[in-house]
Structure formats: structure tokens, C-alpha cells
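Protein chains in written order, with the numbering used here: chain A, 75 to 413; chain E, 75 to 413. Glycine included, each C-beta is placed from N, C-alpha and C at the ideal position.
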DNA sequence: CTGAAAGCGCTTACAG
DNA sequence: CTGAAAGCGCTTACAG
């Protein structure tokens with residue numbers, strides 16, 4: 075009765091009940107309460123009931139941090155991505171999160187704005203909150219990052235970018251290879267002089283690799299390069315420049331569908347017909363790309379399946395202690411009517 | 075010397091050093107090490123140096139979970155959102171995450187697919203991993219959710235939706251009010267018969283409220299309603315239906331810019347001119363909406379500033395123990411050339 | 001300026 | 001089937 079009062083008193087004082095409180099009220103040991111809580115065998119039904127109702131009465135819920143300290147697990151994975159405000163990363167993270175949840179893992183997201191220093195800083199925060207593994211984008215790292223990882227001995231996995239030159243496993247694309255697929259298509263369609271519009275290369279090895287793939291192709295008589303922020307407006311602006319240049323190219327290869335959409339808007343405004351006067355090739359296969367006028371030829375990067383693969387490997391590593399397997403993912407050419 | 079060996083031994087065995095190891099190697103007490111670790115005053119420089127180098131030698135980094143158990147803080151906030159794969163939520167979360175990081179708070183994201191049961195389940199996971207507060211979208215909750223919250227006594231904040239009828243504070247929009255702004259604009263432009271294309275209403279009170287606002291407006295001679303998934307393709311399909319209906323409306327109000335884009339693509343294919351034959355009004359002001367042909371009239375919901383406000387209130391609540399203030403956010407009419 | 005001791009709220013051998 | 005005790009790795013009064 076006195077014990078019971080203790081429980082109620084705590085409740086009134088707005089202090090959370092502990093496992094010990096439950097044990098007292100139920101008249102059993104902490105060990106037994108713990109067993110009930112974790113569905114362990116060897117508890118009689120009678121005692122189980124007593125414990126359950128004590129839990130009910132006290133409105134008890136176990137402390138996650140105490141549990142984590144004992145089990146050594148937080149079931150948390152940290153992802154360092156450049157931004158959330160981008161359809162491709164959002165789609166990747168959406169799939170990743172769902173699959174991690176399926177594996178009983180939580181996802182903490184941290185954005186880096188493609189800045190290695192911010193990435194290290196946020197990595198520290200993620201580790202300080204108990205992340206059991208880290209997901210990063212691309213291969214470029216701040217030196218402090220590697221030191222942080224070796225100190226904390228935590229699994230790291232590179233995404234969006236496939237490489238075998240990194241100390242960390244990677245699940246992603248061979249970006250150079252993939253832009254060659256697009257180039258082959260343009261070449262087959264008879265294009266000889268093309269313009270390339272790409273996003274910022276600073277700290278962005280995915281974009282650099284795509285460009286490298288293009289530069290290695292020597293079949294074209296002329297290729298001009300135009301860097302632009304990944305936005306519709308910048309795509310429009312780049313298009314304006316390109317159609318004014320002498321020796322106007324017969325095709326524009328945009329290293330992002332967002333850029334391609336801007337180009338299409340701009341050409342439509344100038345009444346330049348696609349693909350007759352200028353062909354347009356995108357990269358990403360965003361959801362609207364099939365519906366533009368004309369529908370956009372592009373490259374599908376199955377980032378959703380990348381998310382699933384990453385989650386599955388993390389599950390293997392964290393929950394079954396198997397090493398992470400690197401995986402090179404394929405890009406797929408999607409031919410529609412803009413080329 | 076023996077102590078020193080212990081440290082190195084652990085390192086070789088790949089076991090993480092603990093604070094006690096550092097204390098042993100440095101020849102000081104745990105208390106002192108803790109003081110150094112947390113930049114507390116009253117430690118002589120000589121000892122500070124000894125401790126620092128012991129930390130270096132052992133590659134020590136403190137256990138986040140042990141810290142959390144002692145301080146009672148995890149510095150983690152959980153967000154339950156319908157999906158990440160949607161420009162509006164992604165933009166909101168991007169701003170939210172950056173601002174939370176600024177306040178030294180981590181963001182765990184969990185997607186619910188607009189399903190209250192999934193939401194409860196994921197809320198449990200978030201609490202089990204130590205979330206100190208929860209962010210939810212809209213007012214609709216599963217009953218178990220409220221029970222979970224009262225049990226765990228954790229702050230909850232409703233976003234995207236402003237309400238004063240909830241037990242939880244809210245920072246969001248009065249969606250009914252905002253669709254009236256759009257309607258006023260269409261009415262002023264002389265439209266009398268309009269079609270409304272909206273997303274699924276199931277479990278989605280934001281959409282329902284927007285529709286309620288429209289239904290309360292009695293000035294129009296005819297309003298037809300068309301439910302569609304939030305996708306370009308569905309926007310196209312809805313547009314096909316609408317232009318075929320007898321008594322074709324003079325304006326289409328899309329409760330999402332994504333839908334509006336689909337409609338515009340479809341009308342462009344059918345050579346129906348915007349806004350002369352049919353005016354189009356959107357909702358969201360996505361990044362490309364200023365660049366469509368013609369540029370899309372729409373409503374700006376400043377979800378980025380919503381993210382900042384939510385983070386700021388959470389900071390006040392969690393770090394300064396002040397109650398969360400509900401806030402009604404304004405939508406802003408953006409008139410371009412599609413109306 | 002420094003340390004011994006208790007404690008945060010659980011889990012887990014171990015013993016019966 | 002049940003419990004006493006130790007321990008996870010820190011922090012925090014308290015005492016000196």
C-alpha cells in the first residue's frame with residue numbers, strides 16, 4: 075500500500091516512473107519486470123499480469139537511453155546529404171527511410187550543402203547522438219572525417235557514387251559510364267555538336283565524373299560546357315546563352331532534368347522546336363519528365379532501389395555483423411521524344 | 075606503466091576505451107577526466123594536458139548513451155511526415171533540419187504515408203530511440219497516439235495546419251482561409267464556373283480544409299471537384315476529363331502546383347490557350363512555377379519559414395523550458411500569367 | 001584544484 | 001520460475 079502510494083505520488087509530481095517503481099508496486103524484482111518488458115521466457119502468467127497492471131497504473135514506459143547503455147545499441151543511422159530540397163535526394167531518402175524502418179533502424183538526416191567542413195561537423199553531432207553508422211554522398215571527404223571514423227570505429231557507406239578507391243564501401247553509380255550512354259544515344263541520332271549544361275562541380279564528384287565521361291568521348295566535333303545552379307531559372311539562362319552562340323549546337327545534354335526543364339521552357343518561349351531544331355537530353359528521370367512537351371529523353375537512376383540496397387546492407391552489418399558489400403548500380407537510357 | 079599497457083591492450087583488442095581508461099592512463103580520477111571533457115572550470119593546465127594526451131593515445135571518444143542517461147538529454151527531435159518524396163515537405167524539412175542543427179538539435183525523420191496507424195507505430199519507434207519531442211503533420215491522429223504522448227509526457231507540435239482545437243500547439247496554415255484568397259482572385263478575374271482538382275482527402279485534413287474553404291464560397295455558378303493523386307500524370311488525366319465535360323469551366327483551381335503543371339502540359343498538347351480559354355491557378359509555388367509557359371499564378375506557402383519557426387519553438391521548449399506558442403501562418407497570392 | 005562515492009535506469013549472468 | 005548483485009559509461013553533488 076505504501077509502495078502503491080509511492081507510485082501515485084511520483085505520478086502527481088510529474089516524475090516518470092522507473093522500472094524499480096514498477097517492481098515495487100508489483101511486488102517483484104527488477105529482473106522480473108525487465109523480463110516482462112522484453113518478452114523473455116520464464117515468467118508465470120500470474121506475475122506477468124501483476125507487472126502489466128503495475129505498468130498500466132504508473133503509466134510506465136522504459137527509458138530508451140538506459141536501454142541503449144545496456145545493450146550498446148541505439149538503432150540509429152545517420153545520413154549526410156547535400157540537401158533535402160532536391161527531388162533525387164528526397165526520393166532516395168524516402169526509400170531509405172522506409173526500408174530502414176522495416177529493419178527496425180531509425181534515420182537521422184543531416185544536410186551539408188556539399189561542404190566538407192559542415193559534413194565533418196555534422197558527423198560529429200551524429201556520432202554524439204549515438205549513430206551506429208553513417209551514410210555519405212560521394213567520395214570527397216574532409217581529412218578530419220576519416221580520423222573521426224577511425225576513432226569511433228563506425229561503419230560508413232558511400233552512396234550515389236561507385237568507387238573502389240575509397241576506404242569505405244560504396245553503393246552507387248559509375249557516373250562517367252552513365253553519361254557515355256547518353257552520349258552514345260546522341261551520337262547515334264546524328265548529333266555532332268553539342269552543349270552540356272551541368273551543376274556546380276565544387277566538392278561534387280558525381281558531377282565531375284559525369285563530365286569526365288563526356289570529356290573522354292572524342293567523336294564529337296564540338297562540345298561546350300555550361301555550369302549552372304540546379305534550378306529551372308538557371309536552366310533557362312543557360313539556354314539563352316547557348317542559342318545565341320555562333321555555331322548553335324544541335325543538341326543540349328543537361329546533367330539534370332531540372333536543368334532540362336528550364337531549357338525546354340526557354341526554347342518554347344523562343345519557339346525553337348524540340349527535337350527538330352535542338353534536341354534535349356536530361357539526367358534523372360524526374361516524375362514530370364515523361365509529361366513535358368515533348369516528353370523528355372533522359373537517364374533513369376533508380377535512387378529508390380539504391381535506398382533499399384543501402385538499408386539492406388546496413389541491416390546486414392548492424393544487425394547481423396556481416397561486412398558491407400559495395401555495389402555498382404546501372405543507369406538506364408530512357409528514349410522519349412526530345413531527342 | 076601497467077595502466078598504460080591496459081589502454082594499448084584494449085586498443086589492440088578493438089574495444090573502445092572508456093573514461094575510466096583515460097583516467098587510469100592519465101593518472102587522475104574519473105571526475106577530472108569528465109571535467110576536461112566538458113570544459114568545466116577548476117582543472118590545472120598541467121592535468122588538462124595529461125588528460126588530453128591520454129585521450130589522444132587511447133583514441134577515446136565518450137559514449138553518447140552514457141551521457142544521455144546522466145544528463146537526461148538526447149538532443150533529438152522526431153518528425154512524422156507523410157512522405158519525403160514531395161517538394162513541399164522536402165523544403166520544409168530542409169529548413170527545419172538546418173535550423174535544428176543551429177540549435178544543437180538532431181532531426182530523425184519518419185514517413186507515415188498519411189496513415190494514422192503507421193504514424194503511431196513510428197512514433198513509438200521514435201520515442202524508443204529517445205526523441206525529446208515530436209513533430210506531426212495536420213490534426214488527424216490515431217487515438218493511441220494521444221495515449222502514447224500522455225504516457226511519455228513529450229512535447230508535440232502540429233505543423234502545416236493551424237488549429238486551436240487540438241491538445242497540441244500548432245504552427246501552420248489556415249488552409250480554408252487560404253483557398254478563399256485564390257477564389258477571390260479568380261472571382262475578380264470574372265470567372266464564374268470553375269473546376270477544382272485536389273489531392274486525396276483520406277486522412278488529409280490540410281486538403282479537406284482547403285476544400286471546405288472553397289465550399290463555403292457561394293458566389294460561383296458552378297464548381298466541380300476532381301480528386302487525383304499528387305502527380306503530373308494525374309493532373310493530365312484530370313485535365314482531360316475536365317475539358318471534355320459539357321459546360322467547360324473557365325478556370326481550373328489546382329490544390330497543388332504539381333497538379334497544375336500536369337494540367338498545363340495537357341492543355342498545351344490540346345492547344346488550349348492559357349489563360350484565354352482556361353485560366354489555371356496553382357497552390358504551393360514550387361520552384362518551377364515561375365517558369366512555366368505561361369508562368370503559373372499560385373499561392374506561396376512559406377514552408378521554409380515554417381520549418382524555422384518550428385525549430386525555434388522546439389529550441390525554446392527543450393533548451394529553455396518555455397511553452398510552445400501556436401502560430402497561424404499566412405499564405406500569399408502570387409499573380410502571374412496563367413490567370 | 002582534485003577525488004571518492006553515489007547514481008542515472010536499465011540488462012544480464014549467476015545462483016537457487 | 002524468481003531474485004540479488006554487478007555493471008553498462010558516464011555526471012554530479014559533496015568533501016577536502
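Going by DSSP, residue 298(A) is part of no alpha helix (DSSP H) but of the beta strand (DSSP E) stretching over 296-301. DSSP places residue 128(E) within a helical segment (H, G or I) once states are collapsed to three. Distance from the CA of residue 103(A) to the CA of residue 117(A), rounded to the nearest whole angstrom, comes to 12 angstroms. In the DSSP assignment, residue 328(A) forms a beta bridge with 271(A).
Between the alpha carbons of residue 96(A) and residue 191(E) lies a gap of roughly 28 angstroms.
Under the Cβ distance rule, residue 293(E) does not count among the residues neighbouring chain A, no pair being separated by less than 8 angstroms. Annotation: residue 378(E) is outside any beta strand (DSSP E); the continuous alpha helix (DSSP H) that includes it extends over 377-394. The alpha carbon of residue 249(A) has as its nearest neighbour, out of 409(A), 408(A), 402(A), the alpha carbon of 402(A).
When Cβ-Cβ separations below 8 angstroms define contact, residue 310(E) makes contact with chain A. Proximity of residue 242(E) to chain A, defined by a Cβ-Cβ separation below 8 angstroms, is not satisfied.
Residue 365(A) has a beta carbon lying within less than 8 angstroms of a beta carbon in chain E. Take residue 152(E), set aside five residues on each side of it, and the residues of its chain with a beta-carbon closer than 6 angstroms to its own are 182, 200, 205, 208, in chain order. With distances taken between CA atoms, residue 198(E) lies nearest to 180(A) out of 195(A), 400(A), 180(A). Between residue 161(E) and chain A, the shortest Cβ-Cβ separation is below 8 angstroms. Around the CB of residue 315(A), fewer than 16 other CB atoms lie within 10 Å, so the residue is classed as exposed. Using a Cβ distance threshold of 8 angstroms, residue 310(E) and residue 356(E) do not count as a contacting pair. Listed along chain A, the residues sitting closer than 7 angstroms to residue 182(E) by beta-carbon distance are 180, 181, 182.
As summarised for the region 146-199 of chain E, the continuous beta strand (DSSP E) elements at least 3 residues long and confined to that stretch are 150-155, 180-185, given in chain order. Within chain A, the residues placing a beta-carbon under 8 angstroms from that of residue 343(E) are 367, ordered along the chain. When the beta-carbon positions are compared, residue 212(A) and residue 280(A) come within less than 8 angstroms of each other.
In the three-state reduction of the DSSP assignment, residue 213(A) falls in the coil class. Chain E places a beta carbon closer than 8 angstroms to that of residue 168(A), counting this residue as a contact. Residues of the same chain with a CB within less than 7 angstroms of the CB of residue 293(A), apart from the 5 flanking positions on each side, are 261 in chain order.
For residue 374(A), the beta-bridge partners assigned by DSSP are 358(A), 406(A). In the structure shown, residue 364(E) falls within a coil segment according to DSSP collapsed to helix, strand and coil. Short of 8 angstroms from the beta carbon of residue 167(A), and not among the five residues preceding or following it, lie these beta carbons of its own chain, in chain order: 153, 155, 158, 181, 183, 381.
In this structure, residue 359(A) keeps its C-beta atom at 8 angstroms or more from the C-beta atom of residue 340(A). DSSP, read as helix, strand or coil, puts residue 108(A) in helix. Among the residues of the region 261-276 of chain E, none has a Cβ less than 8 angstroms away from any Cβ of chain A. At a cut-off of 8 angstroms between beta carbons, residue 218(E) makes no contact with chain A. Partner residues in the beta bridge of residue 401(A), as assigned by DSSP, are 245(A). Within chain E, the C-beta atoms nearer than 8 angstroms to that of residue 171(A) come from 158, 183, 184, 185, in chain order. Below 8 angstroms, enough C-beta pairs join the region 321-337 of chain E and the region 266-283 of chain E to call them touching: three or more. Three or more beta-carbon pairs separated by less than 8 angstroms link the region 236-253 of chain E to the region 281-292 of chain E, which places the two stretches in contact. In chain A, no part has a C-beta under 8 angstroms from the C-beta of residue 94(E); the shortest such distance is about 15 angstroms. In this structure, the straight-line span from the alpha carbon of residue 371(E) to that of residue 344(E) is close to 21 angstroms.
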